[in-house]
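**Student:** Below: one structure in C-alpha cells.
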Amino acid sequence: DPKIIQKPKYLVAVTGSEKILICEQYLGHNAMYWYRQSAKKPLEFMFSYSYQKLMDNQTASSRFQPQSSKKNHLDLQITALKPDDSATYFCASSQEVWGGQDTQYFGPGTRLLVL
Amino acid sequence: GDSVIQMQGQVTLSENDFLFINCTYSTTGYPTLFWYVQYSGEGPQLLLQVTTANNKGSSRGFEATYDKGTTSFHLQKTSVQEIDSAVYYCAMRDQGGRALIFGTGTTVSVSP
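As you go down the protein sequences, you meet chains U and Y in turn. Okay, so the first sequence: first residue is 161 according to our numbering, each after it adds one. Okay, so the second sequence: first residue is 16 according to our numbering, each after it adds one.
Right, here's the structure in full:
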C-alpha cells in the first residue's frame with residue numbers, strides 16, 4: 161500500500177485560478193514537506209512542517225499556502241495560478257524535522273499544468 | 016550558501032558497464048549526504064545515505080564514499096543493469112538541517 165498519497169496525479173488549470181494539492185502520509189511521521197520540480201531545474205524545497213506547525217518557508221510568493229488539518233495531512237493551496245507554476249509538486253515526510261540524518265520519504269507527486 | 020553540484024547531466028551505458036556519477040557539495044560543517052533515485056513517473060526514493068560517522072554507504076549494488084577532504088560524494092556501481100535506468104540525485108541537508116538540497120540530477124540510460 162502506498163505510504164504517501166498525493167492527489168490528484170495530474171492537474172490542468174487555467175491562469176488565474178486556484179487549486180489545492182492533497183497529501184496524506186501513513187508512515188506515522190511528525191514532519192512533512194513540499195518540494196517542487198520544474199523542467200530543467202533541480203528539486204526545490206518549499207515548506208517544512210513539524211507537528212502541524214510551519215517551520216520553514218522558502219517560497220517567495222504568498223500565493224503558495226500549505227494547510228495542515230491533521231498531523232498526517234499537508235495540503236498545498238496555490239492561488240492566482242501562473243504558467244510558471246507548472247511543475248511536479250512532491251510531498252515528503254520524515255520522522256522528525258530536526259534530525260540531520262532523518263530520511264525524507266517522497267510521494268509520487270502531482271503534475272500541475274497551468275495554461 | 017549551501018549547494019550540491021552534479022556536472023553530468025546524462026550518462027549512457029550498456030549492461031555490465033561501470034557507473035560513476037560525480038557529486039560535490041559546499042556547506043559549512045559535515046552534513047549527512049544522500050543519493051536518491053527517481054524512476055519515470057515516480058517520486059524520488061532514497062538509495063543510500065552516509066554520515067561522517069561511517070563515511071561509506073551501499074545499497075542494491077551501489078556504493079558512495081564521503082570524502083571530506085575533497086567535499087565529494089560520488090556514486091558508483093560495478094555492473095549496471097537495464098533496470099538501473101533512472102535519474103540519480105545527490106542531496107544534502109541544508110545548514111538548518113530541515114530542507115534537502117538537491118543536485119540537478121544525472122539521467123542514466125542503460126541499454127541491454
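Note that the Cβ used here is the ideal one computed from N, Cα and C, for glycine as well.
Only counting the same chain, and skipping five residues up and downstream in sequence, which positions put a Cβ closer than 7 Å to that of T86 of chain Y?
**Tutor:** T39, Y40 and S41
**Student:** Give a yes or no on whether the minimum CB-CB distance between T119 of chain Y and chain U is below 8 Å.
**Tutor:** yes
**Student:** Given E78 of chain Y, which residues of its chain have a CB within under 6 Å of its CB, disregarding the five upstream and five downstream residues?
**Tutor:** Q91
**Student:** What do you reckon, are the CB atoms on M107 of chain Y and V52 of chain Y nearer than 8 Å?
**Tutor:** no
**Student:** Measure the Cβ-Cβ separation of C183 of chain U and G269 of chain U and say whether it is below 8 Å.
**Tutor:** Cβ distance not < 8 Å, so C183 of chain U and G269 of chain U don't count as in contact.
**Student:** Taking Cβ positions, are D235 of chain U and I180 of chain U nearer each other than 8 Å?
**Tutor:** yes
**Student:** Can you look up D82 of chain Y in the DSSP assignment and give me helix, strand or coil?
**Tutor:** strand
**Student:** Can you pull out the residues from the stretch 201 to 212 of chain U whose beta carbon lies closer than 7 Å to at least one beta carbon of chain Y?
**Tutor:** P202, L203, F205 and S208
**Student:** What is the rounded straight-line gap between the Cα of L171 of chain U and the Cα of E57 of chain Y?
**Tutor:** 16 Å
**Student:** May I ask you to report which of helix, strand or coil DSSP gives P46 of chain Y?
**Tutor:** coil
**Student:** Just curious, the beta strand (DSSP E) that C183 of chain U is in, first and last residue?
**Tutor:** K179 to Q185
**Student:** Taking Cβ-Cβ distances shorter than 8 Å, what residues in chain Y pair up with Q218 of chain U?
**Tutor:** For Q218 of chain U, the neighbours in chain Y by C-beta distance under 8 Å run, in chain order, A114.
**Student:** Taking the alpha carbon of L115 of chain Y as the reference point, which residue from U:K163, U:M192 and U:S177 has its own alpha carbon closest?
**Tutor:** For the residues U:K163, U:M192 and U:S177, the minimum Cα distance to L115 of chain Y belongs to U:M192.
**Student:** May I ask you to report which of helix, strand or coil DSSP gives D235 of chain U?
**Tutor:** strand
**Student:** Verify whether the separation of the beta carbon atoms of S229 of chain U and Y209 of chain U is less than 8 Å.
**Tutor:** no
**Student:** Can you tell me whether P226 of chain U is helix, strand or coil according to DSSP?
**Tutor:** Judged by DSSP in its simplified three-state form, P226 of chain U adopts strand.
**Student:** Between the stretch 236 to 248 of chain U and the stretch 187 to 206 of chain U, do at least 3 Cβ pairs fall closer than 8 Å?
**Tutor:** yes
**Student:** Pull up the CB-CB distance for L28 of chain Y and V125 of chain Y, whole angstroms please, since I reckon it's below 8 Å.
**Tutor:** 5 Å
**Student:** Anyone know if the C-beta pair for V26 of chain Y and L48 of chain Y falls short of 8 Å?
**Tutor:** no
**Student:** Rounding to the nearest angstrom, what Cα-Cα distance links H89 of chain Y and S177 of chain U in this structure?
**Tutor:** 43 Å
**Student:** How many whole angstroms separate the CB atoms of L276 of chain U and Y104 of chain Y, which I take to be in contact at a CB cut-off of 8 Å?
**Tutor:** Beyond the ends of chain U as shown, which are 161 and 275, falls residue 276 of chain U; an answer cannot be given.
**Student:** According to DSSP, is E204 of chain U helix, strand or coil?
**Tutor:** strand
**Student:** Kindly give me the distance between the Cβ atoms of Y265 of chain U and L187 of chain U, rounded to whole angstroms, as I take these residues to be in contact under 8 Å.
**Tutor:** 6 Å
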